[in-house]
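*Asks:* Before I ask anything, here is the structure I am working with.
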Amino acid sequence: MTVPHRRRPALIALVIVAALGCLALGWWQWNRFESASGTFQNLGYALQWPLFAVAVVYAYRRFVQLEDGTAPVQNRKKQPREVPADLLPQRPTAQPQEVDQQMREYNKYLAELNARERDRSNS
3 MTVPHRRRPA LIALVIVAAL GCLALGWWQW NRFESASGTF QNLGYALQWP LFAVAVVYAY
63 RRFVQLEDGT APVQNRKKQP REVPADLLPQ RPTAQPQEVD QQMREYNKYL AELNARERDR
123 SNS
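In the working numbering, the protein residues as written are 3 to 125.
Here is the structure:
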């Protein structure tokens, strides 16, 4: 099945404006670097902005390839289909604890205090 090539004038214009804007910012940072108050930070930005312009053009190219279905097919056999069971450590399980006699007596005492408080509030 062939996909007809569509014109994308708005998207093309956006890519051109974004790429030219990145190049202009790179030129501006280069001029700032060469000025008396320029620093190596300006040089770093001057080298970084053209890379952003290349990234915009690459992203558009990749978008067109994926939309048209002409993107290279990746080898899917190398990709895992499911997570292996032994990949993550097992969660510890809680062991039921024995309630000792002292804890039972304390819980009984608290229950009696609660019952007395209810009797006092009802009368």
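Note that the Cβ used here is the ideal one computed from N, Cα and C, for glycine as well.
Fair warning: this is a prediction, and the values are worked out from it, not measured in the lab.
If you follow the alpha helix (DSSP H) that residue 97 is in, where does it begin and where does it stop?
*Replies:* In the sequence shown, residue 97 corresponds to position 95, counting from 1. Looking at the DSSP string, residue 97 is not in any alpha helix (DSSP H), and its letter there is neither H nor E.
*Asks:* Where does residue 84 fall in DSSP's three states?
*Replies:* Locating residue 84 in the sequence shown gives position 82, where the first residue counts as 1. Residue state, collapsed to three classes: coil.
*Asks:* Which class does residue 46 belong to by DSSP, given the choice of helix, strand or coil?
*Replies:* The residue given as residue 46 occupies position 44 in the sequence shown. Three-state DSSP puts residue 46 in a helix.
*Asks:* In this structure, how does DSSP classify residue 103 when only helix, strand and coil are distinguished?
*Replies:* In the sequence shown, residue 103 corresponds to position 101, counting from 1. Residue state, collapsed to three classes: helix.
*Asks:* According to DSSP, is residue 67 helix, strand or coil?
*Replies:* Translated into the one-based positions of the sequence shown, residue 67 becomes position 65. Reduced to three states, the DSSP call for residue 67 is helix.
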